[in-house]
Structure formats: structure tokens, C-alpha cells
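Below is one structure, written out as C-alpha cells; the observations come after it.
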Amino acid sequence: MLGQLGRAAFLVGPLVGPLVGPAKYLLRHGPCLQTALRLQHCARALFPPLHCHSGADRNDLMDPHCKVGLVTEGTTNVGFGAAQELLCQGAESVVITGTHCEAGLEAAAKLCSHHGADRAVFMQADTSCANQFKDVFEETVRRFGGVDIMFNNPRLLGGGGWEHDLHVNLANVLRGCLLAMEYMGRDRGHCGGVVVNNGGVAGLQPFGASPAHCAAQHGVVGATRSFKDHFARTGVRVTLEEQPLQFRLPWETFHTEITHFHAVSTIATLEEAHEASTIGQQNAGF
Numbered sequence: 612m613l614g615q616l617g618r619a620a621f622l623v624g625p626l627v628g629p630l631v632g633p634a635k636y637l638l639r640h641g642p643c644l645q646t647a648l649r650l651q652h653c654a655r656a657l658f659p660p661l662h663c664h665s666g667a668d669r670n671d672l673m674d675p676h677c678k679v680g681l682v683t684e685g686t687t688n689v690g691f692g693a694a695q696e697l698l699c700q701g702a703e704s705v706v707i708t709g710t711h712c713e714a715g716l717e718a719a720a721k722l723c724s725h726h727g728a729d730r731a732v733f734m735q736a737d738t739s740c741a742n743q744f745k746d747v748f749e750e751t752v753r754r755f756g757g758v759d760i761m762f763n764n765p766r767l768l769g770g771g772g773w774e775h776d777l778h779v780n781l782a783n784v785l786r787g788c789l790l791a792m793e794y795m796g797r798d799r800g801h802c803g804g805v806v807v808n809n810g811g812v813a814g815l816q817p818f819g820a821s822p823a824h825c826a827a828q829h830g831v832v833g834a835t836r837s838f839k840d841h842f843a844r845t846g847v848r849v850t851l852e853e854q855p856l857q858f859r860l861p862w863e864t865f866h867t868e869i870t871h872f873h874a875v876s877t878i879a880t881l882e883e884a885h886e887a888s889t890i891g892q893q894n895a896g897f
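For the sequence shown, this note's numbering begins at 612 and goes up steadily by one.
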């Protein structure tokens, strides 16, 4: 039956959503939930919904129009900005994750208020836990039929020692990439997609203030480059975004940790550095 529906759908070609209707019927009445979800997801890839009227090519991996995005740690800062940008660029839906339920629900509500009801969904999860990370992918596939774009954003600096830094900033990125291969790869019956690893400038140069963070970020760069060898098989393109340092610590704690490793005795804030450059170091506040 599915084969007949698929052939009929491709015969009518340009008609919007010829696979979506049969897939929705199967979701309600058919015995094969996973096959129906896959059919619905690939139908959305070939035939965008009517509200996606930009004319963009849905087979273009880097075009977010009418696609489903997954943003880890998407409730604040860079992650929230990535979710916002995906929706601004025409993504159909975005799933954001985070550990704090109240902040996550608030972030999702804010995105929905700007972009439309049900365009953003929050899923509470600690992505440093393998099972919770996997559950996020499974729930996203269950709800939306698949994942097209993943913003892999686990970055932290400081707060748990150097071993924690390595685990969060390297192991979590690798886990996210491997899960993306499993739940997005064409060799697994999915439609392919894009993974954007959120790295840092410490992956491109030495960073004496935190050798562990530097090692983790260099590992992210190496892993990202290595995944390109799997693109022909999986259809999942892994890319890297390099950003300035991002940390989630009170300034006093961050200052103490950094100066412990660094040769200098103090570190200026952005405001203090600006003050020093404009009125002279003698009158600066550091």
C-alpha cells in the first residue's frame, strides 16, 4: 500500500502535499507508525506546506525553509539566538532543549509569540546524559517526523573543573553528531540534514587561560572535519561555527578560575577595557 501511495504521489508531482495526506491517514489508522512518519517527513521535504511560499529548494541542505530544527541549550544566549534565526529564516518548527523547565517554557513561548503558535517546542533534557539526549531525538521524530537541522550547542567554560570541561565541550558534541547520524542519516532511512557544531575560537589557537577548554575545542574542530568523510553515506553535513568565549559563571568565579591558569593577575571586563582605551590606563578601574 505504501509503495502504491508513493508512486501515485510522484505522478502528481507539483501538487502540494500529495504524500502528507496519506501519511496522516496512516498515522491515525495504519499499523506502521514509523513508516508513516518517515513518509510524512520526506513529503514535507519534497512538497513544502502552503505557508512556506518562498520557492526555496527543499533539497538544499543549507536552506532552513520549511525544515525542523533542533537546538540544544536553546533557552538562552547563543542557543536562543540560533532558534530565533532558524524561525526568521523560515523553519517550520524548532525544538529547544535545556535543563531548567521554567526558563525553557518561557523561551518557547517568546519564540511562538514572535513567529506563530506551536512553531517552537521546549523539551527538558540534560544533553550530557546520553539517554536524555537520545530521548530528545526520538521525541522530535515522533512529533515532527524527523530532524533536518541540529544546532549542537553544549558549550560551557568553567564551573566543574577541567574534566567536566572536556566532557561537556567535547564528548557532548560527539554524542550529538553521532545521534544526528542515527536519526537524520539517509543510510538509516531518513532524509539527511545539517549539523552545526557551536565551537569557540579556542579551537583555532592556544588558550593559556584554560588548556582543557582549548583541548576540547580543538577536538571539536577535528571531529567536524572528520565527519565530512561520512557525508556520501549519511547525507548529513557537519559544519562548525566559531564564536568568542561564552561562559555561564558569576564574574568573580570566572575571574578566579582564569587567573589561576593565566600569567596575569587580573582580567578586564569589556567595559573596563573600553575605559582604559579611552581615558588611559592610569584612571582605569582595573
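Glycine is no exception: its CB is placed at the ideal position from the N, C-alpha and C atoms. Since we're looking at a predicted model, the values are computed, not measured.
Any C-beta of chain B under 9 Å from that of residue i
i, result
"T686", "The displayed structure is made up of one protein chain only, and chain B is not part of it."
Residue i burial status per 10 Å Cβ neighbour count (16 or more: buried)
i, result
"V705", "buried"
"Q828", "buried"
"Q816", "exposed"
"E684", "buried"
"N800", "Note that residue 800 is Gly in the sequence shown here, rather than Asn. Burial call: exposed."
"E774", "exposed"
"D746", "exposed"
"E703", "buried"
"G787", "buried"
"V752", "buried"
"D840", "exposed"
"N688", "exposed"
"A728", "exposed"
"V875", "In this prediction, V875 has a pLDDT of 44, which is less than 50 and means its spatial position is unreliable; what the coordinates show is noted afterwards. By the 10 Å Cβ count, V875 comes out exposed."
"G771", "exposed"
"V732", "buried"
"A647", "In this prediction, A647 scores a pLDDT of 46, lower than 50, which makes its location untrustworthy; no coordinate-derived value is stated."
"A720", "exposed"
"G811", "buried"
"H725", "exposed"
"G819", "exposed"
"H824", "buried"
"E713", "exposed"
"Y794", "buried"
"A718", "buried"
"S821", "buried"
Residue from the options with nearest C-alpha to residue i
i, options, result
"A826", "L790, Q743 and A782", "A782"
"C677", "H778, R730 and N808", "R730"
"D776", "V831, V747, G690 and A791", "V831"
"R848", "S739, C802, G819 and C723", "C802"
"N742", "P765, L790, C699 and A702", "L790"
"G757", "N763, E749 and N764", "E749"
"D737", "A813, P765, A823 and A718", "P765"
"F842", "H824, L681 and G804", "G804"
"T850", "V806, G819 and S821", "V806"
"N808", "E793, G833 and D674", "G833"
"E696", "H824, C723 and S821", "C723"
"G715", "M734, C699 and H725", "M734"
"G846", "A693, D759 and A820", "D759"
"G814", "A694, R836, P675 and M795", "R836"
"A693", "R754, F762, M795 and R797", "F762"
"L698", "E717, V784, H711 and G680", "G680"
"S739", "I707, G701, L785 and F755", "L785"
"F838", "R797, M792, E852 and T708", "M792"
"I707", "G701, F744, D674 and Q700", "F744"
"R797", "F755, H778 and R844", "R844"
Endpoints, alpha helix (DSSP H) assigned at residue i
i, result
"A714", "C712 to H726"
"G709", "Per DSSP, G709 belongs to no alpha helix (DSSP H); it is in the beta strand (DSSP E), S704 to G709."
"A731", "Here A731 belongs to no alpha helix (DSSP H); instead the beta strand (DSSP E) covers A731 to Q735."
"Q743", "A741 to F755"
"A813", "Unbroken run through A813: none, as it is neither H nor E."
"F842", "F842 to T845"
Those residues which DSSP pairs with residue i across a bridge
i, result
"G680", "V705 and I760"
"A693", "The partner list for A693 (beta bridge, DSSP) is empty, contrary to what the question assumes."
"L851", "N808"
Bounding residues of the beta strand (DSSP E) (the contiguous stretch that carries residue i)
i, result
"G830", "Run containing G830: none in the beta strand (DSSP E); it sits in the alpha helix (DSSP H), P822 to S837."
Near the ligand FAD: residue i beta-carbon under 8 Å from a heavy atom
i, result
"G796", "Among the ligands in the structure shown, none appear at all, so the ligand FAD cannot be discussed."
Exercise. What are the uninterrupted segments assigned as alpha helix (DSSP H) that are 4 or more residues long and contained completely in the stretch 768-796, given in chain order?
Worked result: 772-777 and 783-795
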